[in-house]
Amino acid sequence: MKGGYIGKILVVDVGDGSYKVIDWTTEKDEWLKFIGGRGFGAKMIWEHTGKYTDPLGPENILVLAAGPLTGLPVPGPRISVCSLSPLTGIWGDSAVGGYAGLKLKQCGYDAVVIKGWRKKFAYLYVSDDCVELRDASHIVGKGSIEAQEELRKEHGSGVATLTIGPAGENLVLFACVTSDYGRQSGRTGTGAVMGSKGLKAVVFDGDAEVPVADREGLLRLLEEAKERIIENRELFGQFSRYGTMMTLDWAQDVACLPTRNFAESVFEGAEGISASTVEMKVMRGKRGCFACPIACRTISEVKLNGETFYLDGPEYETMALLGSNLGVSNVDDLVAAHYLCDHYGMDAISAGVVVGFAIECAQRGLLTLDGLKPEWGNRDTILSLLERIAYRRGIGGILAEGVRRAAEIIGGGCENYAMHVKGLEQSGYETRAAPGMSLAYGTCDVGAHHNRSTIIGWESRNDRLGTGREKVEVQILLQHQRSLFDALGVCRFPWCETKLPFEYYVGFYVAATGINLSEKEILKASERIFNLTRMISVRRGVSRKDDYPPKRVFNEPLPSGPFKGVKLDAESYERMLDTYYELRGWSRDGIPTREKLEELGILELVEKGI
Numbered sequence: 333m334k335g336g337y338i339g340k341i342l343v344v345d346v347g348d349g350s351y352k353v354i355d356w357t358t359e360k361d362e363w364l365k366f367i368g369g370r371g372f373g374a375k376m377i378w379e380h381t382g383k384y385t386d387p388l389g390p391e392n393i394l395v396l397a398a399g400p401l402t403g404l405p406v407p408g409p410r411i412s413v414c415s416l417s418p419l420t421g422i423w424g425d426s427a428v429g430g431y432a433g434l435k436l437k438q439c440g441y442d443a444v445v446i447k448g449w450r451k452k453f454a455y456l457y458v459s460d461d462c463v464e465l466r467d468a469s470h471i472v473g474k475g476s477i478e479a480q481e482e483l484r485k486e487h488g489s490g491v492a493t494l495t496i497g498p499a500g501e502n503l504v505l506f507a508c509v510t511s512d513y514g515r516q517s518g519r520t521g522t523g524a525v526m527g528s529k530g531l532k533a534v535v536f537d538g539d540a541e542v543p544v545a546d547r548e549g550l551l552r553l554l555e556e557a558k559e560r561i562i563e564n565r566e567l568f569g570q571f572s573r574y575g576t577m578m579t580l581d582w583a584q585d586v587a588c589l590p591t592r593n594f595a596e597s598v599f600e601g602a603e604g605i606s607a608s609t610v611e612m613k614v615m616r617g618k619r620g621c622f623a624c625p626i627a628c629r630t631i632s633e634v635k636l637n638g639e640t641f642y643l644d645g646p647e648y649e650t651m652a653l654l655g656s657n658l659g660v661s662n663v664d665d666l667v668a669a670h671y672l673c674d675h676y677g678m679d680a681i682s683a684g685v686v687v688g689f690a691i692e693c694a695q696r697g698l699l700t701l702d703g704l705k706p707e708w709g710n711r712d713t714i715l716s717l718l719e720r721i722a723y724r725r726g727i728g729g730i731l732a733e734g735v736r737r738a739a740e741i742i743g744g745g746c747e748n749y750a751m752h753v754k755g756l757e758q759s760g761y762e763t764r765a766a767p768g769m770s771l772a773y774g775t776c777d778v779g780a781h782h783n784r785s786t787i788i789g790w791e792s793r794n795d796r797l798g799t800g801r802e803k804v805e806v807q808i809l810l811q812h813q814r815s816l817f818d819a820l821g822v823c824r825f826p827w828c829e830t831k832l833p834f835e836y837y838v839g840f841y842v843a844a845t846g847i848n849l850s851e852k853e854i855l856k857a858s859e860r861i862f863n864l865t866r867m868i869s870v871r872r873g874v875s876r877k878d879d880y881p882p883k884r885v886f887n888e889p890l891p892s893g894p895f896k897g898v899k900l901d902a903e904s905y906e907r908m909l910d911t912y913y914e915l916r917g918w919s920r921d922g923i924p925t926r927e928k929l930e931e932l933g934i935l936e937l938v939e940k941g942i
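One gets my numbering by counting positions in the sequence shown from 1 and adding 332 to each.
Rendered as structure tokens:
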């Protein structure tokens with residue numbers, strides 16, 4: 333290999349501590365089809381799990397995969413955490429920043445595959461000359477960030493860590509994996525998979541240089557890209573100052589801000605949790621990721637039980653789901669809830685949706701909250717529910733299963749208020765007046781997540797309520813573009829937030845690896861990955877029946893705001909879904925056709941795994 337890649341994958345069995353190293357360059361053409369990161373994860377999940385694999389069983393695998401740009405001076409290194417999701421039962425992945433991806437490659441690997449199960453918690457220590465499971469008794473029970481601090485004391489500040497908190501230890505189905513002081517691999521419950529394997533943490537302790545095919549060419553391109561980012565002064569200035577927090581004001585303005593369990597799309601208390609309010613009342617600093625000129629991360633002060641803590645955040649999604657979605661208009665209450673989610677190690681998006689579901693169902697008399705008041709914006713109720721979920725106490729034991737299963741357990745019509753797709757709680761956009769974003773959630777390969785497509789931005793400027801073919805075409809392009817960043821192993825924000833042209837990332841890949849792919853070819857690789865993740869889920873029962881937004885979107889007109897009276901039209905959505913499948917080359921039931929798989933060069937791989 334010329335550069336970008338290491339060429340090796342580490343496979344560890346936590347049951348007996350054994351490990352092996354795979355040299356994937358012996359079949360490099362097959363691996364390079366999938367770029368890296370989540371693409372490598374998809375290939376391994378397809379090959380090593382099956383239709384009946386238990387996501388919390390020893391036969392499931394957890395893949396930690398860097399991309400070819402991870403560890404190079406391209407802004408914002410990412411590592412993809414991939415598995416079968418215990419929350420949804422299908423393909424699951426979530427990318428996270430910090431230094432874990434860089435340090436993984438400096439240890440001499442492109443990915444780590446974790447399999448098996450152990451009764452007593454351990455942590456995995458990896459360096460360039462050591463792979464070892466070590467006793468984790470001193471960090472079991474600690475919060476995810478506390479555990480990181482202990483490991484840094486033990487191994488030095490130069491290591492990178494991935495940890496789980498009490499939620500992961502207790503197999504909360506939306507537990508997350510935490511990287512470097514509050515960066516979260518938040519979605520799909522990979523923290524529960526890690527907990528099910530008896531693995532409290534992973535430590536990467538390497539310092540080898542990551543190879544580059546054309547270092548001078550890459551550095552020239554990066555310098556040019558940096559100038560392009562900074563010269564877009566308005567966008568650069570706003571995003572550097574506020575990060576994703578600035579999206580809250582926009583979502584309120586265009587009426588897609590989830591409010592009180594997605595019952596409404598505008599929030600009368602939005603100013604109390606806005607970016608400017610965060611800046612004025614709780615922001616205490618800024619932080620940037622490796623090699624990034626933007627520095628969009630916010631450090632906030634949290635007051636909790638008479639103590640002061642510091643939070644890496646908030647971000648828009650937590651402001652929406654732990655803020656407006658719960659009727660919270662006080663920024664101190666918002667950051668306290670966010671801090672607890674990070675401390676317990678659970679996805680703040682899913683947690684906000686689950687708590688909103690619980691409060692609404694309790695108000696409707698469908699469940700009780702262990703004596704807590706079912707009130708929107710009630711700090712004690714919200715924080716207490718988060719704790720009960722993390723430790724599976726009382727009603728928290730049911731809510732820890734996620735809204736889909738909780739609704740099934742409780743019954744009585746609760747499913748009408750369970751905001752999810754395929755079992756994954758919906759992220760921060762209300763979509764009754766956004767049919768394109770409804771389709772984005774419905775067809776996302778992991779469930780109701782904005783990560784694959786935020787077409788709501790395009791949609792708000794172009795025929796907001798339209799359901800035509802162009803909107804579906806844009807949706808598919810965005811799914812390929814946005815997914816590619818998790819395969820390359822870098823952050824997408826310089827592209828999507830400061831408008832760095834996509835062509836730069838193609839250039840970064842070519843300079844890093846020496847592999848001359850065009851933009852069309854690299855997007856075809858992303859399409860290949862998307863189809864393989866779809867096939868993983870199809871193998872486990874997913875079809876058209878699962879590609880719909882939550883019931884509330886179809887059944888309840890918006891009660892307020894500029895789109896008052898609007899709901900998603902079911903017939904129009906069906907036509908959009910038909911068009912989507914047609915453009916993708918899938919059957920009317922949402923199954924990739926043999927011809928499409930052959931076109932993408934993965935028919936043989938897929939046939940081996942069916």
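Just so it is clear, CB atoms sit at the ideal spot from N, CA and C, and this is done for glycine as well.
- Under a 10 Å Cβ-count criterion, Y384 is classified as exposed, with fewer than 16 other Cβ atoms of the shown protein chains found around its own Cβ.
- Nearest neighbour of E541 by Cα position, chosen from T357, G846, Y337 and S785, turns out to be Y337.
- By the Cβ criterion, the region 506 to 513 is in contact with the region 420 to 434, since at least three pairs of Cβ atoms, one from each stretch, lie closer than 8 Å.
- Pairwise C-beta distances place the region 351 to 371 in contact with the region 808 to 822, as three or more of them are shorter than 8 Å.
- V822 is a Cβ neighbour of G399, given a cutoff of 8 Å.
- Assigned with DSSP and collapsed to three states, E829 falls in coil, not helix or strand.
- Here L653 really is in contact with V685; their C-beta atoms are around 6 Å apart, less than 8 Å.
- Remark: fewer than three beta-carbon pairs, one from each stretch, lie closer than 8 Å, so the region 372 to 390 and the region 781 to 797 are not flagged as touching.
- In the three-state scheme derived from DSSP, where H, G and I count as helix and E and B as strand, Y455 is classed as strand.
- Distance from the CA atom of L900 to the CA atom of P882, rounded to whole angstroms, is 10 Å.
- One thing to note: E757 has its Cβ no nearer than 8 Å to the Cβ of S869.
- The beta carbons of T520 and S412 sit no closer together than 8 Å.
- Look at the region 555 to 642 and you find these whole runs of alpha helix (DSSP H), each 4 residues long or longer: 565 to 574, 579 to 585 and 607 to 613.
- In summary, D461 is exposed, with fewer than 16 beta-carbon neighbours lying within 10 Å of its beta-carbon over all protein chains present.
- The shortest C-alpha to C-alpha distance from Q438 to any of T402, I605 and G846 is the one to T402.
- Nearest to L810 by C-alpha distance, out of D795, A772, A843 and Y836, is A772.
- Within its own chain, the residues whose Cβ lies closer than 6 Å to the Cβ of P390, once the five positions on either side in sequence are excluded, are G448 and W449, listed in chain order.
- Annotation for A499: the continuous alpha helix (DSSP H) segment containing it runs P498 to E501.
- The three-state secondary structure of T385, taken from DSSP, is coil.
- Within its own chain, the residues whose Cβ lies closer than 6 Å to the Cβ of E747, once the five positions on either side in sequence are excluded, are A739, listed in chain order.
- Between L658 and G688, the gap from beta carbon to beta carbon is short of 8 Å.
- Beta-carbon to beta-carbon, P407 and C621 are separated by about 7 Å, close enough to satisfy the 8 Å threshold.
- Residue burial annotation: I730 is buried, with at least 16 other C-beta atoms found within 10 angstroms of its C-beta.
- The distance from the Cβ of P625 to that of I561 is about 6 Å, consistent with a contact at the 8 Å cut-off.
- Here V663 is near V614, since their CB atoms are less than 8 Å apart.
- If the five residues before and after L701 are omitted, its C-beta is found closer than 8 Å to the C-beta atoms of A690, I691, A694, T713, L717 and I727, all from its own chain and listed in chain order.
- K375 carries a helical assignment under DSSP once its states are collapsed to helix, strand and coil.
- E719: not part of any beta strand (DSSP E); member of the alpha helix (DSSP H) spanning R711 to Y723, first to last residue.
- Of all alpha-carbon atoms in L342, G709, E931 and D442, the one lying nearest the alpha-carbon of E859 is that of E931.
- E541 carries a coil assignment under DSSP once its states are collapsed to helix, strand and coil.
- Here the alpha carbons of A492 and K452 stand approximately 23 Å from one another.
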